[in-house]
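My numbering runs 26 ahead of the 1-based position in the sequence shown. All C-beta atoms in this analysis are idealised placements derived from N, C-alpha and C, irrespective of residue type, glycine included.
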Amino acid sequence: MSAPAPAQSRREARPDRRGVLAGLAAGLAALAAPRAMAQAPARVVVVGGGFAGATAARELRRAGLGVTLVEPNPVYTACPLSNAVIGGLRDIAEQQFDYAALGAEGIVVVAGAAVGVDATGRRVSLADGSVLTYDRLVLAPGIEVRLDGALPGYDEAAAAIMPHAWRAGEQTLLLRRQLEAMEDGGTVVMSVPANPYRCPPGPYERASLIAHYLKAKKPRSRLIVLDAKDTFSKQRLFQQAWQELYPGLIEWVGLSQGGKATEVIAAERTVVTEFARHKADVATIIPPQRAGAIARLAGATDRSGWCPIDPVTFESRLLPGVHIVGDAAIAGGMPKSAFAANAQAKAAAAAIALLLAGGSPAPPKLINTCYSLVAADYGISVAGVYRPANGLLADVEGAGGTSPQDATRTFRAQEAAYAEAWFRTIAHEVFG
């Protein structure tokens with residue numbers, strides 16, 4: 027602590043009465059602005075409590091904004107690593123998170139479903155008839171699994187027989203129970219759609235972990251993967267691992283070999299393609315997808331069924347004042363994944379806070395990493411960096427890549443451990 031100034035210096039530095047009053051007025055004005063902001067901060071409503079929505083809500087609240095999160099489910103069941111639940115390597119409880127930590131941060135969590143958006147009036151309608159007003163709206167509805175005839179024969183009733191398990195939860199457990207009940211020597215059939223869909227490597231991780239289960243528990247069984255594509259994410263790594271770990275167990279049928287499903291007959295557990303009918307003892311059908319229902323009801327989707335956005339702010343190109351993050355957004359080269367949803371939500375929240383303060387957001391640079399398990403101790407990964415270009419998010423050339431093709435089993439085991447560590451880290455960051 028410095029010594030006090032001499033008396034004469036203090037007298038010379040003493041301001042006159044007018045200066046004191048002016049200083050007090052300025053100080054009170056400065057204090058009044060933040061106090062008013064604290065009493066009535068900008069209101070942001072976030073619809074959807076997955077990795078994108080929960081991240082956006084927390085980041086916006088930490089920016090000092092008033093945040094309401096709308097989510098009908100009190101418990102969120104995460105999709106990353108849910109294939110390990112199907113394969114018997116993980117318990118469903120490890121995938122489940124509530125919103126207590128978000129509420130403790132001052133976020134108002136509304137347990138309800140959004141059923142409409144009035145972008146002109148800046149209002150969100152809920153299923154119970156209540157209405158929320160906002161200054162900015164974030165839609166993070168994830169995906170809607172299409173049970174409307176997009177794949178003929180596949181509807182709600184068919185999904186109860188041939189589960190998609192593409193929204194983690196009861197469908198995940200249903201598929202696991204079916205595999206456990208199947209006799210050794212049975213046939214499992216999986217159908218994979220054309221792009222785009224949530225988690226591009228997800229079907230092939232599922233195939234791997236089903237094969238892992240069959241090899242250990244039902245070694246005379248087989249798995250047929252019917253694919254509407256000829257190429258897929260991390261293909262060389264997956265197929266190399268299948269040859270090493272599951273030789274003869276997995277048959278992958280690509281588009282050019284007649285792998286595209288054209289119909290399902292649920293009562294017969296049969297998947298029909300252009301050239302064949304595949305009878306299954308257990309079938310898992312991953313159908314076509316689109317943005318979650320509220321995005322369509324709001325008018326935020328285009329003819330593709332997904333939501334066009336500005337890649338700098340994530341604001342809808344169709345609805346001013348509405349931002350869309352996560353799987354529902356058309357994000358160019360950036361895939362639909364939990365890591366991507368988390369990264370997009372952070373960028374969007376920063377942009378929203380700046381826009382509400384009258385600023386202009388700078389173009390973000392976003393990262394995505396995706397781990398896949400091929401066995402309990404065998405992991406592979408892909409990473410990418412993305413930035414706005416030509417109205418979309420584009421890959422930064424040379425900034426990403428996949429696991430090395432010639433990695434040792436020790437390296438693969440480390441990547442499996444990294445996958446688990448990544449999941450724990452992001453789940454704690456998002457849900458507390």
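When the beta-carbon positions are compared, residue 135 and residue 97 come within less than 8 Å of each other. The beta carbon of residue 281 sits closer than 7 Å to those of 253, 254, 255 and 256, all from its chain and outside the five residues before and after it, given in chain order. In the DSSP assignment, residue 398 falls within the beta strand (DSSP E) that extends over 392 to 401. In this structure the segment 211 to 220 does not lie against the segment 341 to 360, because fewer than three pairs of beta carbons, one per stretch, are closer than 8 Å.
Sequence-distant partners of residue 375 (beyond 5 residues in either direction) whose C-beta falls short of 7 Å from its own C-beta, in its chain, are 82, 85, 86 and 89. For residue 290, same chain residues with a beta-carbon under 8 Å away, outside a window of 5 residues either side, are 177, 178, 179, 180, 184, 188, 217, 296, 297, 298, 309 and 311 in chain order. If you draw a 10 Å sphere on the C-beta of residue 101, you find fewer than 16 other C-beta atoms in it, and that means exposed. When DSSP states are grouped into helix, strand and coil, residue 140 belongs to the strand group. DSSP, reduced to helix, strand and coil, places residue 305 within a strand of the structure shown. Scanning its chain for C-beta atoms nearer than 6 Å, with the 5 sequence neighbours on each side dropped, one finds no residue around residue 384. Straight through space, the alpha carbons of residue 435 and residue 441 are spaced by roughly 10 Å. Excluding residues up to 5 positions away in sequence, 411 lie with their Cβ nearer than 6 Å to the Cβ of residue 425 in the same chain. Around the beta-carbon of residue 455, fewer than 16 other beta-carbon atoms lie within 10 Å, marking it exposed. Annotated as distal: residue 340 and residue 366, with beta-carbon spacing of 8 Å or more. Secondary structure note for residue 269: its alpha helix (DSSP H) is the uninterrupted segment 261 to 271.
Residue 166 and residue 342 have their C-alpha atoms spaced approximately 12 Å apart. Between residue 198 and residue 330, the C-beta spacing is not below 8 Å. In the displayed model, residue 118 falls within a helix according to three-state DSSP. Classified as buried, residue 315 has 16 or more neighbouring CB atoms from the shown chains inside 10 Å of its CB. In the displayed model, residue 113 falls within coil according to three-state DSSP, outside both helix and strand.
In the DSSP assignment, residue 276 falls within the unbroken beta strand (DSSP E) covering 276 to 279.
Scanning the segment 337 to 409 for uninterrupted beta strand (DSSP E) segments of 3 residues or longer gives 348 to 350 and 392 to 401, listed from N- to C-terminal end.
For residue 128, the enclosing alpha helix (DSSP H) has its first and last residue at 126 to 130. Note: residue 222 is not bridge-paired with any residue in the DSSP secondary-structure output. Straight-line measurement puts the Cα of residue 222 at about 19 Å from the Cα of residue 279. Distance from the CA atom of residue 140 to the CA atom of residue 150, rounded to whole angstroms, is 7 Å.
Under a 10 Å Cβ-count criterion, residue 269 is classified as exposed, with fewer than 16 other Cβ atoms of the shown protein chains found around its own Cβ. Taking the Cβ atoms as the reference, residue 457 lies roughly 24 Å from residue 153, outside the contact range of under 8 Å. In the DSSP assignment, residue 234 falls outside any beta strand (DSSP E) and lies within the alpha helix (DSSP H) extending over 228 to 243. With respect to the 8 Å criterion, residue 447 and residue 403 are not classified as neighbours on the basis of their beta carbons. Counting only residues of its own chain and dropping the five nearest sequence neighbours on each side, residue 232 has a CB closer than 6 Å to the CB of 109. For residue 217, the secondary structure class from DSSP, reduced to helix, strand or coil, is strand.
Under the DSSP assignment, residue 85 falls in the alpha helix (DSSP H) whose first and last residues are 77 to 88. Spanning the alpha carbons of residue 264 and residue 302 requires a straight line of approximately 25 Å. A Cβ-Cβ distance of about 13 Å is found for the pair residue 170 and residue 326, leaving them out of contact under the 8 Å criterion. In the DSSP secondary-structure assignment, residue 149 is bridged to 144 and 159.
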